[in-house]
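Q:
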Amino acid sequence: MAAIAILHGLESITGRVPKLRKTAARPSVCLSFARFCGLHFCAHCAIGFANRIRRHRGPSMRLSRYFLPLLKETPKEAEIASHQLMLRAGMIKQQAAGSYAWLPLGFKVLNKIVKIIEEEQNRSGAIQLLMPTIQSADLWKESGRYNAYGKEMLRIEDRHERDMLFGPTNEEVITDIFRTYVKSYKDLPLNLYHVQWKFRDEVRPRFGTMRSREFLMKDAYSFDLDEASAIQAFYRMFVAYLRTFHRMGLVGVPMRADTGPIGGDMSYEFHVLADTGESAVFLDKRLVDKPIPEIDTDFRSDLTPIFKDWTSLFAATDEMTDEAGFKAAVDPEHQLAARGIEVGHIFFFGTTYSKPMKATVTGPDGQAVEVQMGSYGIGPTRLVPAIIEASHDEAGIIWPVSVAPFEAVVINLKVGDAESDKASERLYEDLKLEGIDALLDDRDQGAGGKFAAADLIGIPYQLIVGPRGLKEGQVEIKHRKSGERETLSVEEAVGRLKRLIVPQRRDSV
RNA sequence: CGGAGUAUAGCGCAGCCUGGUAGCGCACCUGCUUCGGGAGCAGGGGGUCGAGUGUUCGAAUCACUCUACUCCGACCA
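Just so you know, the first sequence maps onto residues 5 to 513 in this note's numbering.
1. Mind reading off the beta-carbon distance from Tyr150 to Pro108? Whole number of angstroms is fine, and I expect it under 8 Å.
2. According to the neighbour-count rule (16 or more other Cβ atoms, all chains shown, within 10 Å of its Cβ), is Val413 buried or exposed?
3. Please determine, among Ile461, Arg92, Glu165, the residue with the shortest C-alpha to C-alpha distance to Ala141.
4. Under the rule that 16 or more other beta-carbon atoms within 10 Å means buried, what is Gly4, buried or exposed?
5. Determine the contact status of Ile121 and Lys222, defining contact as a CB-CB distance below 7 Å.
6. Rounding to the nearest angstrom, what Cα-Cα distance links Gly499 and Thr356 in this structure?
7. For Asp448, which residues in the same chain have their Cβ closer than 6 Å to its Cβ, ignoring the five residues on either side in sequence?
8. Alpha carbon to alpha carbon, how far is Ala390 from Thr315? Give it in angstroms, no decimals.
9. Alpha carbon to alpha carbon, how far is Ile131 from Leu456? Give it in angstroms, no decimals.
10. Could you tell me which of Phe227, Tyr432, Gly450, Ala363 sits nearest to Tyr465, measuring between CA atoms?
11. Tell me which same chain residues have a C-beta within less than 8 Å of the C-beta of Ala497, skipping the five on either side of it?
12. Just tell me which of Val243, Asn195, Glu327 has its CA closest to the CA of Asp300.
13. Assign Tyr239 to one of three DSSP states: helix, strand, or coil.
14. Report the CB separation of Phe274 from Val347 in whole angstroms; it is logged as a contact under 8 Å.
15. Would the beta-carbon of Ile402 fall within 7 Å of that of Thr280?
16. Alpha carbon to alpha carbon, what distance is there between Arg163 and Arg510?
17. If distances are taken between C-alpha atoms only, which option among Gly450, Pro507, Met377, Glu429 comes closest to Leu192?
18. For a test of the three-state rule: what should DSSP assign to Asp288, helix, strand or coil?
19. Could you tell me the distance, in whole angstroms, from the CA atom of Val513 to the CA atom of Asp313?
20. Can you give me the C-alpha to C-alpha distance between Ala93 and Pro63, rounded to a whole angstrom?
21. Does DSSP put Leu508 in a helix, a strand or coil?
22. Can you check DSSP and say which residues form a bridge with His87?
23. Pick helix, strand or coil for Trp106, following the three-state DSSP scheme.
24. Could you tell me how far apart the beta carbons of Ser395 and Glu374 are, in whole angstroms, since I believe they sit closer than 8 Å?
25. Please determine, among Gly450, Val407, Ile463, Ile382, the residue with the shortest C-alpha to C-alpha distance to Asp397.
26. Could you check where the beta strand (DSSP E) with Asp167 kicks off and where it finishes?
27. From Thr184 to Phe219, what distance separates their C-alpha atoms?
28. Distance check for Phe410 and Lys119, CA to CA, integer angstroms please.
29. Touch check for the segment 300–309 and the segment 318–328: three-plus C-beta pairs under 8 Å?
30. Does DSSP put Lys312 in a helix, a strand or coil?
31. Please return the same chain residues whose Cβ sits closer than 7 Å to the Cβ of Leu291, not counting the five positions on each side in sequence.
32. Helix, strand or coil for Asp228? Go by DSSP, reduced to three states.
33. Between which two residues does the beta strand (DSSP E) containing Thr364 stretch?
34. May I ask you to list the residues that DSSP assigns as paired with Pro258?
35. Does DSSP put Leu317 in a helix, a strand or coil?
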């Protein structure tokens with residue numbers, strides 16, 4: 005108690021009490037001191053204590069104190085909807101050609117996407133690590149790619165005039181890590197992945213983060229003793245990818261793809277269908293509604309049936325087929341010619357890197373065997389615009405709940421009105437308490453601007469609180485996607501939102 | 001890398017042709033009135049006109065050079 009008194013005394017002396025009262029800092033300090041003193045409450049703050057505990061859960065997301073630079077007009081450099089909307093919604097800022105800063109709202113979405121990717125990679129048995137962005141050229145000289153890669157690779161010289169590079173991909177580094185530590189076939193299979201920034205000095209970056217020079221990539225690398233088990237590793241990633249894109253509210257259609265200079269015939273690209281996609285794609289439309297492998301899929305079992313099931317239906321990019329071939333292969337009633345955004349690419353390439361880099365393990369017969377490898381990429385910084393391309397309207401973005409920067413926004417229509425302030429604060433706190441990722445729009449501005457902002461940034465549910473409804477004890481929920489509005493009592497609102505939101509998180513599908 | 005274009009306040013633009021020292025809308029700041037779909041009134045702040053060189057008494061404006069960015073094509077998670 006003495007300590008608390010001293011603390012409050014200091015605050016009084018510095019004259020900062022009124023300011024501190026408005027922040028979370030002071031109650032948490034009080035509580036810490038109270039606990040330190042073995043008390044269950046702070047004598048000084050006893051009034052309204054319960055409310056203060058609530059506020060301590062999670063960061064405060066009050067729009068009046070957030071950093072969300074919205075643009076009313078569309079910057080002229082943006083051509084496609086996703087790029088325009090990401091700029092207008094204050095998600096990104098261009099810093100140079102193909103180089104973007106991720107502002108808080110954009111970063112929040114990016115992180116949700118990365119989290120889903122990590123969960124599904126982990127579920128499939130892959131193990132996360134982190135490799136550097138700047139690599140030594142030596143490994144690339146060893147694999148033969150230092151000269152082969154061309155100007156797309158950003159080459160750097162350090163102070164000792166050593167050749168370095170900003171990694172465009174990580175096969176060399178992961179192979180080096182593997183060969184250093186893994187010596188026995190008993191340690192296989194192994195799949196290591198990371199989520200790390202890449203740089204490819206594209207001739208022409210465009211469409212915002214859809215094709216940027218610096219981009220985030222999840223890249224996984226599998227190592228197996230023989231081709232048969234390597235193919236199983238490939239299937240595991242195939243299934244993980246189906247699940248990953250589905251959880252983001254996307255249909256990621258696997259398509260036979262060109263392996264390019266890597267060779268071999270095991271390569272699939274995952275495409276999100278969108279009018280602005282860069283590739284022409286041809287597919288059997290039954291793939292679009294095909295149920296994805298469920299959460300209890302056993303990744304230690306033989307996944308061949310799932311792979312065969314999915315790949316039995318026709319799907320290919322224009323690199324692999326043409327309209328004539330497509331029409332000959334698919335029943336007319338199932339034909340779908342569309343455009344696609346490539347959001348993932350999986351390769352099996354055998355010993356392409358293990359051979360020149362001498363990545364071998366000792367097999368059961370005591371002989372050294374070059375490991376069979378595959379690599380598997382997903383671009384989170386491309387997924388953000390891909391999701392927007394697939395889901396937006398005239399008013400702005402329509403986020404699927406699973407990747408939405410906020411699941412719900414409480415819109416206080418009349419800031420300064422005692423009833424409206426109190427009810428919206430309370431509803432916001434209750435949503436947080438129920439584990440909903442909520443935002444409170446407590447900015448002192450007109451209702452129209454708030455509705456427009458909520459629509460633009462695409463929050464799935466708007467909880468509209470204003471004096472008019474409160475007179476009847478009512479609030480309104482607007483569904484961003486359908487435009488549907490429902491009026492309900494203040495008491496029912498949080499429960500209703502929770503029942504709407506939780507199933508759409510897709511974290512248990 | 002081939003072709004085309006743009007550069008004037010944070011964003012969107014006018015002014016350039018015909019040279020005379022920069023303007024509009026939004027945003028921002030102050031005050032008042034407002035507040036259920038991007039409010040109104042009044043006042044205010046902010047610009048080496050992408051950079052450099054040249055022509056000229058005088059350059060955002062004319063000429064040349066450079067740079068950055070965007071679009072179309074070939075390449076890519």
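Note that CB positions come from ideal geometry on N, CA and C, so glycine has one too.
A: Let's see:
1. Not really, about 39 Å apart at Cβ, beyond 8 Å.
2. buried
3. Glu165
4. This structure does not reach residue 4, given that the chain is present from 5 up to 513, and the question cannot be answered.
5. yes
6. 55 Å
7. Val419
8. 23 Å
9. Checking the displayed sequence, the identity of residue 456 turns out to be Ala instead of Leu. Spanning the two alpha carbons is a distance of roughly 43 Å.
10. Tyr432
11. Leu431, Leu467, Val479, Ile481
12. Val243
13. helix
14. 6 Å
15. no
16. 49 Å
17. Met377
18. strand
19. 19 Å
20. 21 Å
21. Note on residue identity: the sequence assigns Gln, not Leu, to residue 508. Gln508: helix per DSSP, three-state reduction.
22. Answer by DSSP bridge pairing: none, since His87 is not bridged.
23. strand
24. With a Cβ gap of about 45 Å, Ser395 and Glu374 do not count as contacting.
25. Ile463
26. 167–170
27. 28 Å
28. 15 Å
29. no
30. helix
31. Val257, Leu317, Ala319
32. strand
33. 364–366
34. Phe274
35. coil
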